[in-house]
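Line order of the protein sequences matches chains A and B. The numbering of the first sequence is my numbering, which starts it at 933 and goes up by one. The numbering of the second sequence is my numbering, which starts it at 933 and goes up by one. Beta carbons: idealized from backbone N, C-alpha and C, even for Gly.
Protein chains: 2
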Amino acid sequence: MGRLEESYEERLKERGLRVTRERRMILSHACEHFGHFYAHELLESLDRHGFRVSRATVYRTLAHLVEKGLLRRHELGDRKTFYEPVLGREHHEHMVCVCCGKILEFIQDEIERLQDQVCRQHGFRPLSHTLQIQGICRTCRRGGRGEIASHG
Amino acid sequence: MGRLEESYEERLKERGLRVTRERRMILSHACEHFGHFYAHELLESLDRHGFRVSRATVYRTLAHLVEKGLLRRHELGDRKTFYEPVLGREHHEHMVCVCCGKILEFIQDEIERLQDQVCRQHGFRPLSHTLQIQGICRTCRRGGRGEIASHG
DNA sequence: CTGACTGCAAAATGTTTGCAGATTC
DNA sequence: GAATCTGCAAACATTTTGCAGTCAG
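#1: Against chain B, which members of the stretch 980-997 of chain A pass a CB distance test of less than 9 angstroms?
#2: If contact means a Cβ-Cβ distance below 7 angstroms, which residues of the stretch 1002-1029 of chain A contact chain B?
#3: What's the C-alpha gap between histidine 968/A and arginine 1070/A?
#4: What do you get for histidine 1136/A, buried or exposed, if any count of 16 or more other CB atoms within 10 angstroms of its CB means buried?
#5: Answer yes or no: does any C-beta atom of chain A fall closer than 7 angstroms to that of glycine 1067/B?
#6: Using a Cβ-Cβ cut-off of less than 9 angstroms, give me the residues of the stretch 1049-1064 of chain A that come near chain B, in sequence order.
#7: Would you mind telling me which residues of chain A sit closer than 9 angstroms to leucine 1036/B, beta carbon to beta carbon, in chain order?
#8: Using the DSSP secondary-structure output, state which residues sit across from methionine 1027/B in a beta bridge.
#9: Could you tell me the alpha carbon to alpha carbon distance between alanine 995/A and isoleucine 958/A, rounded to whole angstroms?
#10: On the DSSP bridge assignment, give the partners of threonine 1013/B in chain order.
#11: Helix, strand or coil: which one does DSSP assign to alanine 1081/A?
#12: Taking the beta carbon of histidine 961/A as the centre, do at least 16 other beta carbons fall within 10 Å, making it buried, or is it exposed?
#13: Roughly how many angstroms separate the alpha carbons of glutamine 1047/B and leucine 997/A, rounded to a whole number?
#14: To the nearest angstrom, how far is the alpha carbon of isoleucine 1065/A from that of isoleucine 1065/B?
#15: Determine, using beta carbons only, whether isoleucine 1043/A comes closer than 7 angstroms to chain B.
#16: Glutamate 964/A and valine 985/A - do their beta-carbons sit closer together than 7 angstroms?
#17: Rounded to the nearest angstrom, how far is the Cβ of leucine 1003/A from that of valine 1018/A, given a contact under 8 angstroms?
#18: On the CB-based measure, 16 or more other CB atoms within 10 Å of its CB, does histidine 972/A come out buried or exposed?
#19: According to DSSP, which residues form a beta bridge with threonine 1057/B?
#20: Give the straight-line distance between the Cα atoms of cysteine 1051/A and glycine 1067/B, rounded to the nearest whole angstrom.
#21: Rounded C-beta distance between tyrosine 970/B and lysine 1012/B? I'm assuming under 8 angstroms.
#22: When DSSP builds the beta bridges, which residues end up paired with tyrosine 970/A?
#23: What does the alpha-carbon distance come out to for the pair arginine 1005/B and leucine 1059/B?
#24: Nearest CA to the CA of tyrosine 940/A: which residue from His981/A, Arg956/A and Phe1056/A?
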């Protein structure tokens, strides 16, 4: 854990963020306990693990971490916001199972290319994009078991 | 206007919605005054035009109209929700200008096709999807004038 | 006439903010 | 020691809800 902690500290410093107990906790917790998570999940998890951080600090820190590229933020179509650690992971899109809430990732370079093309056609300079496919995952299609979403 | 009014009434009936003064007003106003709109814009516009409808009714009605396929609802990546009339218009995606808020539409069949392909690969049954490109529109790239968003 | 719809005001949700004191650099 | 954090509680924006009265079918 010491090693990892250090690396989190470094990552904060690299981005010009002050290193505080709270930020180390939030970043490491987000990276080690979650794949994708909602703000309230992080809040609850930190609390369960006995790490005291105020709601305000969590939100402020999440915003910083997103801004500095350590986390990504995504919005589901139902005004829910989730985050994911970046960790040098490639850009990717999401499929969200409407049945169990599971989130799958995928990349499709060709789609990216086509988007750029469309933008060029419209004189639009793309900065970022969101592609989400809502549907039913393999497991739910089979078992039909509406298992509880873990989002993690 | 009488003709249009009738058609709105019909459209409500067709979908099994009761026809009320408020619903007629909301649907016709949404269809005639807006391309894309936010709930609060509709609320304000109705008010400006002297149509009294309570906030609660507007929200409840928007939900009904979306459910019955007369409007579509979309979420921007910053937890803002906008609506658009359906009116038999084709499915399309959106480009959102982060500078002036303008919303452009586009379709790219090839992208749709590739999405289906990816889903098949993952055993995922697609139900719907969202593709939004955030960026800077032609006008803003030129003039740099951060004009006020009209969203209409 | 009954169930569905409406307005109102209050509640809920999820996130942000002002402030005073603590902390980092 | 200056600028930046933090916690707290209050504020916020948006949407939803309970309730009692009204209206469509």
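From the atom records:
#1: Taking 9 angstroms as the upper bound on Cβ-Cβ separation, chain B lies near no residue of the stretch 980-997 of chain A.
#2: Of all residues in the stretch 1002-1029 of chain A, Glu1007, Gly1009, Arg1011, Thr1013 and Met1027 have a Cβ within less than 7 angstroms of some Cβ in chain B.
#3: For the purposes of this step, residue 968/A is identified with residue 36 of the first sequence, where counting begins at 1. For the purposes of this step, residue 1070/A is identified with residue 138 of the first sequence, where counting begins at 1. C-alpha separation (whole angstroms): 19 angstroms.
#4: There is simply no residue 1136/A to check, as chain A begins at 933 and stops at 1084 in what is shown.
#5: Taking the first residue of the second sequence as position 1, residue 1067/B is located at position 135. Yes, its Cβ sits closer than 7 angstroms to a Cβ of chain A.
#6: If the cut-off is 9 angstroms between Cβ atoms, the stretch 1049-1064 of chain A has Gln1049, Val1050, Cys1051, Gln1053, His1054, Gly1055, Phe1056, Arg1057, Pro1058, Leu1059, Ser1060, His1061, Thr1062, Leu1063 and Gln1064 near chain B.
#7: Numbered from 1 along the second sequence, position 104 holds the residue referred to as residue 1036/B. Within 9 angstroms Cβ-Cβ: His1054 and Phe1056.
#8: Position 95 of the second sequence holds residue 1027/B. Partner(s): Leu1036/B and Ile1065/B.
#9: Translated into positions along the first sequence, residue 995/A becomes position 63. Translated into positions along the first sequence, residue 958/A becomes position 26. Alanine 995/A and isoleucine 958/A: Cα-Cα distance of roughly 12 angstroms.
#10: Position 81 of the second sequence, counted from the first residue, corresponds to residue 1013/B. Paired residue(s): Glu1007/B.
#11: Translated into positions along the first sequence, residue 1081/A becomes position 149. Note that alanine 1081/A has pLDDT 41, beneath the 50 cutoff, so the model's placement of it is unreliable and the number below is only indicative. DSSP places alanine 1081/A in coil when its eight states are reduced to three.
#12: As a first step, residue 961/A must be located in the first sequence, where it is residue number 29. So histidine 961/A counts as buried.
#13: Residue numbering aside, residue 1047/B sits at position 115 when the second sequence is read from its first letter. Residue numbering aside, residue 997/A sits at position 65 when the first sequence is read from its first letter. A straight line joining the alpha-carbon of glutamine 1047/B with that of leucine 997/A spans about 30 angstroms.
#14: Position 133 of the first sequence holds residue 1065/A. Position 133 of the second sequence holds residue 1065/B. Rounded to the nearest whole angstrom, the C-alpha separation of isoleucine 1065/A and isoleucine 1065/B is 15 angstroms.
#15: In the first sequence, residue 1043/A corresponds to position 111, counting from 1. The C-beta of isoleucine 1043/A comes closer than 7 angstroms to at least one C-beta of chain B.
#16: Stepping through the first sequence from its first residue, residue 985/A is reached at position 53. Stepping through the first sequence from its first residue, residue 964/A is reached at position 32. No Cβ-Cβ contact shorter than 7 angstroms links valine 985/A with glutamate 964/A.
#17: Looking up residue 1003/A in the first sequence gives position 71. Looking up residue 1018/A in the first sequence gives position 86. Contact annotation, leucine 1003/A with valine 1018/A: C-beta distance approximately 6 angstroms; criterion of less than 8 angstroms satisfied.
#18: Counted from its first residue, the first sequence places residue 972/A at position 40. Residue environment: histidine 972/A is assigned as exposed (fewer than 16 neighbouring CB atoms within 10 Å of its CB, all protein chains considered).
#19: Counting from 1 along the second sequence, the entry for residue 1057/B is found at position 125. First, the amino acid is wrong: residue 1057/B is arginine here, not threonine. Bridge pairing for arginine 1057/B: Ile1068/A [DSSP].
#20: The residue labelled residue 1051/A in the question sits at position 119 within the first sequence. The residue labelled residue 1067/B in the question sits at position 135 within the second sequence. Taking C-alpha positions only, cysteine 1051/A is separated from glycine 1067/B by approximately 9 angstroms.
#21: Stepping through the second sequence from its first residue, residue 970/B is reached at position 38. Stepping through the second sequence from its first residue, residue 1012/B is reached at position 80. That pair is a contact at about 7 angstroms.
#22: Residue numbering aside, residue 970/A sits at position 38 when the first sequence is read from its first letter. Checking the DSSP bridge columns, you'll see tyrosine 970/A partnered with Phe1014/A.
#23: Stepping through the second sequence from its first residue, residue 1005/B is reached at position 73. Stepping through the second sequence from its first residue, residue 1059/B is reached at position 127. If you draw a straight line from the Cα of arginine 1005/B to the Cα of leucine 1059/B, it is about 15 angstroms long.
#24: Reading the first sequence from its first residue, position 8 is the one you call residue 940/A. When each option's Cα is compared against that of tyrosine 940/A, the closest is Arg956/A.
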